[in-house]
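Peer 1: The structure is given below, and queries will be raised subsequently.
In UniProt numbering, the protein residues as written are 1 to 72.
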């Protein structure tokens with residue numbers, strides 16, 4: 001199951017999935033992960049899913065473009 005990284009607070013990483021937040025130890029998160037990344041559990045760590053992260057970014061950009069077009 002995929003989660004989205006909401007951010008980091010101290011030694012915790014805040015993950016969101018289906019509108020629910022979950023705190024996990026930062027030690028269980030790949031050091032390359034950053035806020036906004038889509039991550040998956042590989043059995044030992046939360047690792048970035050680059051394909052899903054890029055798809056999510058494209059979708060968000062498209063939504064933002066629609067908003068800006070509507071304002072013109």
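C-beta: ideal position from N, C-alpha, C; glycine also.
Would you kindly report the start and end of the unbroken beta strand (DSSP E) that includes residue 17?
Peer 2: Note, residue 17: beta strand (DSSP E), 12–17.
Peer 1: Among residues of its own chain, excluding the 5 on either side of residue 17, which ones have a beta-carbon nearer than 8 Å to its beta-carbon?
Peer 2: If we look at residue 17 and ignore the five residues flanking it on each side, its Cβ neighbours are 1, 2, 3, 4.
Peer 1: Report yes if the CB atom of residue 94 is closer than 9 Å to the CB atom of residue 52, and no otherwise.
Peer 2: Residue 94 is absent from the model: the chain starts at 1 and stops at 72.
Peer 1: Which residues in the same chain have their Cβ closer than 8 Å to the Cβ of residue 27, if we skip the five residues on either side of it in sequence?
Peer 2: Hits under 8 Å: 11.
Peer 1: Are there 16 or more other CB atoms within 10 angstroms of the CB of residue 33, so buried, or fewer, so exposed?
Peer 2: Label assigned to residue 33: buried.
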